[in-house]
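What follows is a short report on a single structure.
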Amino acid sequence: MTRPLLPALIAALMLLAPGAAPAADEATREPYGIGLEGFAYPYPVQMLPLSNDGEQLRMAYMDVAAAQPNGRTVLLLHGRNFPSSYWAPEIKTLTDAGYRVVAPDQIGFGKSSKPAGELHFDNLARNTIALADHLQLGRVDIVAHSLGGMLAVRIARADPQRIAHLLLAAPIGLEDYRLYVPPTATEKIIETEDKLTADGYRKQLETNYSLKTPPEQVTPLIDARFNIKGAADYPRWLRAFVASAQMIYREPVVHEIPLITVPTLFVMGADDHNAPGRPNAPEALRPKMGHNADLAKALAAQMPNARAEVLADAGHLVFLDQPAQFDRLMLEFLAK
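Take any residue in the sequence shown, count from 1 to its spot, add 1: that is its number in our numbering.
This is the structure we're talking about:
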């Protein structure tokens, strides 16, 4: 990676490459709170009070000023397995280029509240729009990764006039997972996730995400997930995390993607074959899932103003795997 990495950035980036040192031994972990209390973010975090389904919640976000403002704002939407802190490289790239950057943790993730009930993309979309209104952002550009891409589709459908450009970085939801994976009970998923170890999680992400990031950039984000196991309210975090998996399964967006009219760029990793729920699919159907680059190209061809770029030697964390190429595509697209 050619960009300089500050200590806060080192704490925010994620690399889980083969041969990386395992996360801290379970017995020696310093517990984090389920709001990631104790885990540093690269920029100051603020909170927006919200109400979802009658529950009082708080949405965490970073609001980072541009070095030399160009009058535009980029909204960064994170994936399921990561807090917004992993956007640190893109925040620096964008603010250096003149953009104000707002990077929220969605409700249920990162430093935001963990709700007791279900998660829904429409609620997350309304929350994100409420944050934009609170900050008086007006029209924004959206850069969204993974699960954030599914959320961005819902925002683009609900309020297209708010979006100038939509960049989907290795989004999930490019297929309807219900066609391959049978319904799975929430309690079963909770049991599976609770048994997962830090080393097992590292190997899982190496496989699912085809990670390419260099070994010297191994970071504490695996620990960030597993240190919360020592929190007294860890079961609440676990249930919220599993609720996000059920949201992905129950609320597909692929059928709506061709209806998006705002200028859209898919940036895909050629080696990204991530497909949520694939282990629960019948073995004969698993090879049919996760052809994400091909799916993005096919969807872009159905849209009135979209294209797909596929980066070689990149997996699901495309903006960390190929930062120079990703940044070039992103800045060129946003400047149009």
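Backbone N, C-alpha and C define an ideal beta-carbon position, used for all residues, glycine too.
If you're wondering where the values come from, they're calculated on a predicted model, not measured in any experiment.
The beta strand (DSSP E) enclosing residue i, as first and last residue numbers
i      : result
GLY270 : 265-270
THR74  : 74-78
ILE143 : 141-146
ARG308 : 307-312
ASN53  : 47-53
In DSSP terms, what residue i is bridged to
i      : result
MET63  : ALA104
ILE164 : VAL141
GLN205 : DSSP output for GLN205 lists no bridge partner at all.
LEU58  : LEU51
LEU169 : ALA145, PHE267
Beta-carbon contacts of residue i that lie in its chain and below 7 Å, excluding the five residues immediately before and after
i      : result
LEU37  : PRO84, GLY111, LYS112, ALA225
GLY316 : TYR210, SER211, LEU212, LYS213, GLY270, ASP272, ASP273, ASP322
LEU157 : Reading off the sequence, residue 157 comes out as Ala, not Leu. Result list for ALA157: ILE164, LEU167, ILE261, VAL263, in chain order.
ILE35  : LYS115, ILE229, ALA232, ASP234, TYR235, ARG237, TRP238
GLU217 : A caution first: GLU217 carries a pLDDT of 45, below 50, which makes its placement in the model unreliable, though a value can still be read off. For GLU217, where only same-chain residues beyond five positions count, there are no Cβ hits under 7 Å.
LEU286 : TYR181
GLU252 : HIS121, PHE122
PRO184 : none
PHE334 : HIS166, LEU168, LEU266
Residues of its chain near residue i, where Cβ-Cβ distance is below 6 Å and the 5 sequence neighbours each way are ignored
i      : result
TRP88  : LEU77, ALA104
ALA276 : MET290, GLY291
ASN1   : In the structure as shown, the chain starts at 2 and stops at 337, and residue 1 therefore has no counterpart that could be examined.
ASP328 : THR94
LEU330 : VAL268, GLU310
GLN326 : LEU312
VAL182 : GLY278, ASN281, ALA282
GLY39  : TYR33
ILE249 : PRO277
MET2   : With a pLDDT of 43 at MET2, under the threshold of 50, the predicted position of this residue should be treated as unreliable, and no value is reported.
Enclosing alpha helix (DSSP H) for residue i [first to last residue]
i      : result
HIS135 : 122-135
LEU197 : Counting along the chain, LEU197 falls outside any alpha helix (DSSP H), and DSSP gives it neither H nor E.
TYR355 : The structure shown does not extend to residue 355, since the chain spans only 2 to 337, so no value can be given for it.
VAL254 : It is not in any alpha helix (DSSP H) - VAL254 carries neither H nor E in the DSSP assignment.
GLU333 : 324-336
ILE223 : 222-227
ASP177 : Careful: ASP177 lies outside any alpha helix (DSSP H) and carries neither H nor E.
GLN69  : Element bounds for GLN69: n/a, residue is neither H nor E.
ASN293 : 293-303
THR185 : No alpha helix (DSSP H) holds THR185; DSSP gives it neither H nor E.
LYS93  : 89-97
Beta-carbon contacts of residue i that lie in its chain and below 8 Å, excluding the five residues immediately before and after
i      : result
LEU58  : PRO50, LEU51, SER52, ILE108, SER113, SER114, PRO116
ASN306 : THR262, VAL263, PRO264, THR265
THR96  : VAL65, ALA66, ALA67, ALA68, VAL102
ILE190 : VAL243, ALA246, GLN247
HIS135 : LEU49
LEU152 : LEU78, GLN107, PHE122, LEU125, ALA126, THR129, ALA145
PRO161 : ILE261, THR262, VAL263
GLN47  : ALA61, TYR62, MET63, ASP64
ASP177 : PRO253, VAL255, HIS256
LYS337 : HIS166, PRO264
CB contact below 8 Å: residue i versus chain C
i      : result
GLN326 : This model lacks chain C altogether; it includes just one protein chain.
TODO: Report yes or no: do the stretch 286-305 and the stretch 132-152 share at least 3 C-beta pairs separated by less than 8 Å?
DONE: No, they do not touch.
Open item on the list: Three or more C-beta pairs under 8 Å: does that hold for the stretch 54-62 against the stretch 260-275?
Closed with: By the Cβ test, the stretch 54-62 is not in contact with the stretch 260-275, since fewer than three Cβ pairs between them sit closer than 8 Å.
Open item on the list: Tell me whether the stretch 114-122 and the stretch 40-58 touch, counting them as touching only if at least three CB pairs, one residue from each stretch, are closer than 8 Å.
Closed with: Yes, they touch.
Open item on the list: Under 8 Å, with one C-beta from each stretch per pair, do the stretch 185-203 and the stretch 299-317 reach the 3-pair mark?
Closed with: As far as the Cβ criterion goes, the stretch 185-203 does not touch the stretch 299-317, which means the pair count is below three.
- [ ] Decide yes or no for the touch test of the stretch 166-177 against the stretch 126-135: beta carbon pairs closer than 8 Å, at least 3 of them.
- [x] No: fewer than three Cβ pairs fall under 8 Å.
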